[in-house]
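The working numbering runs 1416 ahead of the 1-based position in the sequence shown.
Working notes for the structure below.
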Amino acid sequence: MQNPNNPFPATLPDGTIVIDEKCRCGHLRSEHQSALRGAAFGHGRCKKSRFCGCQKFSWAERIYKGVPNTPKRKK
Ligand SMILES: [Zn+2]
Ligand SMILES: [Zn+2]
């Protein structure tokens, strides 16, 4: 089931397709609840596991289409 507020997949200006985003808790944005009745898709608490304890989506990295393991970018 697709959430109609799901912004993914999203195409970046360079043509890269973003299919999801990862939270600092290790779960995907699509696995988080939406805040503000879906206006902020996936920005609520984590619903992947009730033991996760994540209360709010915190952006960690993007998940790109066709790239199973996105390497972490060095700062
Ligand atoms: Zn989380
Ligand atoms: Zn989580």
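The C-beta atom is built at its ideal place from N, Cα and C for all residues, glycine as well.
Residue i CB to nearest heavy atom of ligand 1 below 7 Å
i	result
residue 1473	yes
residue 1443	yes
Classification of residue i by the beta-carbon crowding that lies within 10 angstroms, buried from 16 upward
i	result
residue 1467	exposed
residue 1440	exposed
Distance cut-off 7 Å: residue i Cβ against heavy atoms of ligand 2
i	result
residue 1450	no
residue 1464	yes
Residue i versus residue j - alpha carbon distance
i	j	result
residue 1464	residue 1442	10 Å
residue 1437	residue 1431	17 Å
residue 1448	residue 1469	11 Å
residue 1456	residue 1462	14 Å
residue 1478	residue 1471	19 Å
residue 1421	residue 1458	9 Å
residue 1445	residue 1429	21 Å
Own chain partners of residue i with C-beta closer than 7 Å, once the 5 adjacent residues on each side are dropped
i	result
residue 1481	1425, 1433, 1435
residue 1474	1439, 1440
6 Å CB neighbourhood of residue i in its chain, flanking five on each side removed
i	result
residue 1419	none
residue 1460	1448, 1449, 1450, 1451
Residue i CB to nearest heavy atom of ligand 4 below 7 Å
i	result
residue 1481	Of the ligands this structure carries, namely ligand 1 and ligand 2, none is ligand 4.
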